[in-house]
Each structure stands twice: as structure tokens, then as C-alpha cells.
Amino acid sequence: MLRLSLPHIDEAAIAAVADVLRSGQLVQGAQVAAFESELQRWLGVRHAVLTSSGTAALHLALLALDIGPGDAVLVPDFTFPATGNVVKLVGATPVLVDVEPGSYCVTEAGLQAAIAAWRGPQRLRAVMPVHEFGRTVPMESVGRLAARHGLAIVEDAACAIGARFADGRLAGTRGDIGCFSLHPRKTLTTGEGGVLVTASDALAARLRRLRNHGMERTEAGMVFHEAGYNLRLTDLQAALGRAQLPSLAAWIDARRALASQYLQTLEPLAARGLLTLPTLDPGHSWQTFMVVLADGIDRAALVRRLSAAGIEANLGAQCLSALPAFADVAQASPVARRLHAQGLALPFCEQYGRPEVARVAAALAEALA
Ligand SMILES: Cc1ncc(COP(=O)(O)O)c(C=O)c1O
3 MLRLSLPHID EAAIAAVADV LRSGQLVQGA QVAAFESELQ RWLGVRHAVL
53 TSSGTAALHL ALLALDIGPG DAVLVPDFTF PATGNVVKLV GATPVLVDVE
103 PGSYCVTEAG LQAAIAAWRG PQRLRAVMPV HEFGRTVPME SVGRLAARHG
153 LAIVEDAACA IGARFADGRL AGTRGDIGCF SLHPRKTLTT GEGGVLVTAS
203 DALAARLRRL RNHGMERTEA GMVFHEAGYN LRLTDLQAAL GRAQLPSLAA
253 WIDARRALAS QYLQTLEPLA ARGLLTLPTL DPGHSWQTFM VVLADGIDRA
303 ALVRRLSAAG IEANLGAQCL SALPAFADVA QASPVARRLH AQGLALPFCE
353 QYGRPEVARV AAALAEALA
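Shown next as C-alpha cells:
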């Protein structure tokens with residue numbers, strides 16, 4: 003089976019994890035500290051704080067910004083449910099915003115319309131732009147809007163490590179807090195894992211406390227400042243991430259080349275109106291390659307046919323307003339609904355090349371004929 007994606011774990015990474023297992027220091031040790039420093043350098047940020055998942059990172063970001071009951075947060079309607087779930091979990095109200103058909107991301111106009119239409123009673127406190135599948139949301143416009151309306155920015159860069167904005171800066175580094183996921187479907191993986199980044203010393207200190215029982219180590223010993231969580235990454239996972247980080251830039255380059263090959267090879271199917279392709283952006287980090295099938299094409303039947311041909315394919319992301327957990331949030335998002343219904347994620351990772359693209363394209367053409 004040609005899998006949707008494969009984690010990229012070589013023998014050196016396995017040996018690094020084995021070394022940690024033999025060391026006797028399994029959590030919050032030298033590996034976590036070193037991985038945080040290396041991520042700070044790689045991302046060009048003041049603070050990187052490792053967490054047990056991308057969801058944990060998003061959750062802690064909202065807690066550290068004191069967002070809770072009585073607050074509202076702008077969230078794209080097309081995303082993984084975690085983006086909206088964390089807003090609900092802190093007791094705030096998600097305000098869902100439809101996305102653009104070609105980038106699958108929110109736009110300035112969409113955010114502006116949602117802000118103008120918001121009647122409360124909850125107070126708009128933050129915006130969570132999602133750099134969907136590694137495609138960046140232009141942050142100058144989000145920054146302008148946020149400044150005008152007094153909103154904090156939490157970038158959901160779960161899928162977007164290494165993605166670049168038009169000015170060359172990295173996704174996740176422009177908001178008050180940026181959040182990344184290290185889940186196995188992501189380009190850099192620790193099995194489960196997440197990263198928070200921020201330029202603020204005060205936010206970083208709060209995030210570190212909240213992930214670790216509200217605790218801070220001082221010269222006088224452990225001080226428990228507030229009720230906190232245990233959302234830490236282990237040293238085993240940090241060692242796995244450290245072994246991959248030096249290859250990450252090359253892997254993202256390979257993904258950009260693979261996306262170009264897909265776009266070229268699938269163009270004839272797009273020209274026949276059978277599917278639409280994602281729009282190109284040079285800074286895209288291509289965590290997922292999702293096409294959108296024409297209306298009337300039965301995606302479930304197509305996924306079955308591809309599976310019979312040895313190719314794994316799946317939907318891309320969810321439409322939050324269509325999920326039971328968000329039934330209380332009134333929102334009509336025609337684009338998000340369509341992307342959720344007709345989006346098709348294809349096998350995609352840096353280990354694949356022209357042969358895999360040719361195989362997927364041939365199977366798709368045959369199944370759609
Ligand atoms: C946009 C987005 N946000 C958040 C998450 C949650 O990350 P994790 O699975 O590491 O908890 C994901 C995971 O797929 C995601 O795609």
C-alpha cells in the first residue's frame with residue numbers, strides 16, 4: 003500500500019532514542035532542553051517550549067493569554083477539530099470563519115467580515131489563523147486587524163513547520179504565540195508532540211509553568227504558582243526530534259519539488275474539470291497535498307477504488323460547523339463544507355518522488371474515467 007505519508011526515522015534516530023532509554027533520565031532532562039534550544043535557533047525565536055501534542059500547545063496558548071468564559075476567538079471553519087476544541091475547552095466561544103477555495107485558509111476580508119458581524123455578548127479576544135497544510139495566511143493583514151481590534155494572535159502552525167511568509171519569515175513566529183504539532187503526519191515527528199514559540203519572556207514562563215503542574219524551579223526549590231497540567235514531552239521524544247531536525251530543511255525542499263510534480267501531472271485531470279488543484283505559493287511547506295474533487299464525484303467510492311489499487315487517500319480536514327461539538331455555533335461556510343466533502347489528500351512525503359506521483363495520477367485517472 004502506498005501510504006498517505008511515512009514518518010522519516012533512520013537508524014541514527016532509533017539509536018538516539020535507545021541512548022535515552024539507557025540513560026535513566028526519561029522526562030524534562032537534557033534532551034528536552036537541547037531540543038528547545040535547537041528549535042529556537044532553527045525557527046529564529048526567543049523561546050520554544052515543548053509540549054505533549056500540538057493540541058496541548060494550542061490549549062496552553064489560550065490559557066496563558068487568560069482567554070476563557072466571556073471571550074470569543076476567531077477560528078477558521080476548515081481545520082482539524084483541535085483548533086476549535088481548545089477554544090471550547092477553555093470556556094470561550096469559537097467564531098467560525100469560512101476559508102478561501104484555493105489556499106484553504108482564512109483571508110483578511112473573511113476575518114474582517116466576521117469581526118464586523120460579531121454581536122457578542124462574548125468579547126472578541128483573539129484570532130487563530132491556521133496555516134492549513136503548510137500554506138501560510140498573510141500575517142501583515144492579520145496583524146493589522148488584530149491591532150485595530152485589540153486581539154491576541156495565536157498562530158496554529160500545526161502543519162506548517164518550515165513554511166515561509168512572502169517576507170521570508172517562518173510560519174508560527176509572527177503571532178503572540180505560535181503552535182506546531184509533531185504528530186507522525188507532520189514533517190518532523192516525535193510520535194506525539196508539540197512546540198509553542200513566543201518572543202515574550204512572561205508568556206514563555208507562564209507556558210512552562212502551565213505545562214508542568216504550575217511549577218517553577220527556583221534556588222529555594224520547587225514553587226507551585228497555580229493549578230497546572232502535565233503536558234510535557236519526554237526525553238525519548240525529544241531525542242527523536244533532535245535526530246530529524248538537521249534534515250528538516252532538505253525534506254521541505256523535497257516536498258516542494260514533489261508538489262510541483264503533482265501539480266504538473268494532475269493538470270490534465272484539472273483541465274477536464276474533474277478536480278481542482280491547490281494554488282501555488284513558494285513558501286508552502288506541503289505537509290499535506292489535497293485536491294478538491296468536482297461536485298458529483300463520490301469521494302468514498304473513489305477512496306475505495308484507490309485503496310484497491312494499493313493507494314491510500316483520505317479527506318483533508320474537517321468543517322467545524324458541521325460537527326456535533328459545534329452545533330451551537332451558527333455559521334454557514336460554503337467553502338469549508340465543500341472542501342470537507344470533496345477534498346482528497348493524496349500520498350505525500352519527502353520519501354516519495356516521480357514514480358509515486360505517476361502511480362497515483364494513473365490510478366486517479368482510471369478511477370475517474
Ligand atoms: C491545524 C491543526 N491544528 C492542530 C492539530 C493538533 O495537533 P496534534 O495532533 O499534535 O494534537 C492538528 C493536527 O493534525 C492540525 O492539523
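Residue numbers for the sequence shown follow my numbering, beginning at 3 and rising by one. C-beta atoms are modelled at their ideal positions from N, C-alpha and C, and glycine is treated no differently.
Apart from the 5 residues on each side of it in sequence, S55 sits with its Cβ closer than 6 Å to the Cβ of E194 and G196 in its chain, given in chain order. Taking C-alpha positions only, G285 is separated from I254 by approximately 10 Å. Straight through space, the alpha carbons of A20 and L247 are spaced by roughly 18 Å. Along the length of the region 14-100, whole beta strand (DSSP E) runs at least 3 residues long occupy 49-53, 73-78 and 95-99, reported in chain order. In this chain, the alpha helix (DSSP H) harbouring I117 covers E110 to A119.
In this structure V99 is in contact with V77, their Cβ atoms being roughly 7 Å apart against a cut-off of 8 Å. Per the C-alpha coordinates, the member of S143, I11 and L45 positioned closest to R171 is L45.
Boundaries of the beta strand (DSSP E) harbouring T200: G196 to T200, taken from the DSSP string. Around the beta-carbon of S39, fewer than 16 other beta-carbon atoms lie within 10 Å, marking it exposed. The beta carbon of H185 sits closer than 8 Å to at least one heavy atom of ligand 1. Only residues of its own chain outside the window of five on either side were considered, and among them none has a CB closer than 7 Å to the CB of R146. The beta carbon of L205 sits closer than 6 Å to the beta carbons of A66 from its chain, once the five residues preceding and following it are set aside; these are given in chain order. Judged by DSSP secondary structure, T267 falls within the alpha helix (DSSP H) whose first and last residues are L250 to A273. The residue among A334, V359 and A365 with its C-alpha nearest the C-alpha of L304 is A365.
Three or more Cβ pairs closer than 8 Å define a contact, and the region 23-30 meets that threshold against the region 226-242.
Note on the region 290-343: whole alpha helix (DSSP H) runs with a minimum of 4 residues are 301-310, in chain order.
G345 sits in a strand when the DSSP states are folded into three classes.
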